[in-house]
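In my numbering, the protein residues as written are 8 to 304.
Shown next as structure tokens:
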């Protein structure tokens, strides 16, 4: 219900005031969008993008690396996966698409948007260590900020997919089997996920504050997915990331019962238009680490 009887009485019969009140309530609490896809369809698109990536990964002649404007690496696999995903999503409907490699439509013209990283972990791809993913997230807008409703993270090298969110409980699908997943209750030694390539002073300070722990090295969105599937407890991120790097995994973590919070300890939200860079964030199985996290900003 958008207005209580008391609130309706206070309007003194003014239709215009009632309209304003309803609009304000909808702005604060936007309704969930109508969905024109199945989770399986988005998984299928991500898997097809993964196949395009592996075609490049397994062909030395295609392993050409260029530099984007921000000096980050770009490969043929990034572009091939982007093209597959855009074609697949456009076959569903006209929802705008924001991809690391380009945009289709204006996200601010809609309450929903697809947020895509065709190849998350390009550096891992170049190192040929298998720790790269395809990320696709359905985002919902509240004014200028966005939150993930559903996400798919696909790891082409292992043919493993994590998917779920507010619209569907999270699941893991891989060669060893499929099924629902949940974050794990912290018991015994804490498992802390860290980047396989870089750690800074803040990472070390936070890890020390956590206490005795086991370090789990991982790359790309896999760092968040291992928390979602119960393989680790926390993943603190003090390095630079963009919205498309984490949004899909954020949805998966949420659908598995975990949390993703910003520097203030509140649920992370995103800017897809003006400032695509994220603040520092924490992925965790529960909120017991939030206070320590806030203290280390």
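Where is the CB? At the ideal position from N, CA and C, for every residue including glycine.
Here the structure is a predicted model, which is why all the values come from computation and not from measurement.
From residue i to residue j, what does the alpha carbon distance come to, in whole angstroms?
i	j	result
residue 108	residue 129	12 Å
residue 253	residue 188	19 Å
residue 286	residue 154	14 Å
residue 151	residue 279	8 Å
residue 119	residue 95	17 Å
residue 193	residue 112	43 Å
residue 226	residue 184	22 Å
residue 174	residue 284	25 Å
residue 208	residue 101	44 Å
residue 261	residue 139	21 Å
residue 89	residue 127	11 Å
residue 165	residue 182	8 Å
residue 259	residue 177	6 Å
residue 353	residue 68	Residue 353 is absent from the structure shown; the chain starts at 8 and stops at 304.
residue 45	residue 282	30 Å
residue 274	residue 134	33 Å
residue 276	residue 103	18 Å
residue 62	residue 229	21 Å
residue 212	residue 137	29 Å
residue 115	residue 263	29 Å
residue 248	residue 167	23 Å
residue 125	residue 271	29 Å
residue 70	residue 48	29 Å
residue 93	residue 298	40 Å
residue 206	residue 220	16 Å
residue 97	residue 52	11 Å
residue 110	residue 210	33 Å
residue 2	residue 66	Given that the chain is displayed from residue 8 to residue 304, the structure contains no residue 2 and the question cannot be resolved.
For residue i, which beta-bridge partners are listed by DSSP?
i	result
residue 146	120 and 155
residue 181	184
residue 172	157 and 175
residue 225	202
residue 109	106
residue 81	73
residue 162	167
residue 54	Looking at the DSSP assignment, residue 54 forms no beta bridge with any residue, so it has no partner.
Please determine, among the options, the residue with the shortest C-alpha to C-alpha distance to residue i.
i	options	result
residue 294	243, 116 and 185	243
residue 72	64, 66, 63 and 82	82
residue 240	249, 283 and 191	191
residue 199	59, 271 and 233	233
residue 195	66, 218 and 149	218
residue 306	60, 114 and 214	Residue 306 cannot be examined here, being either before or after the span of the chain that is shown, 8 to 304.
residue 117	137, 149 and 47	149
CB residue i to CB residue j, shorter than 8 Å?
i	j	result
residue 141	residue 121	no
residue 222	residue 256	no
residue 300	residue 235	no
residue 179	residue 172	no
residue 296	residue 123	no
residue 292	residue 269	no
residue 91	residue 55	yes
residue 50	residue 159	yes
residue 245	residue 267	no
residue 64	residue 132	yes
residue 163	residue 237	no
residue 43	residue 99	yes
residue 161	residue 216	no
residue 290	residue 231	yes
DSSP three-state call for residue i: helix, strand or coil?
i	result
residue 220	strand
residue 245	coil
residue 132	helix
residue 45	coil
residue 114	helix
residue 266	strand
residue 285	coil
residue 140	strand
residue 280	coil
residue 193	coil
residue 28	Per-residue confidence for residue 28 stands at a pLDDT of 37, beneath the threshold of 50, marking its modelled position as unreliable; the derived number appears in the next sentence. Reduced to three states, the DSSP call for residue 28 is helix.
residue 126	strand
residue 291	strand
residue 296	helix
residue 35	Bear in mind that the predicted position of residue 35 carries a pLDDT of just 46, short of 50, making it unreliable; the figure below should be weighed with that in mind. Residue state, collapsed to three classes: helix.
residue 301	helix
May I ask you to check if the CB of residue i is nearer than 7 Å to at least one heavy atom of the ligand FMN?
i	result
residue 185	Among the components modelled here there is no ligand, and therefore nothing to report on the ligand FMN.
Say whether chain B places a C-beta atom closer than 8 Å to the C-beta of residue i.
i	result
residue 113	Chain labels in this structure do not include chain B; a single protein chain is all it has.
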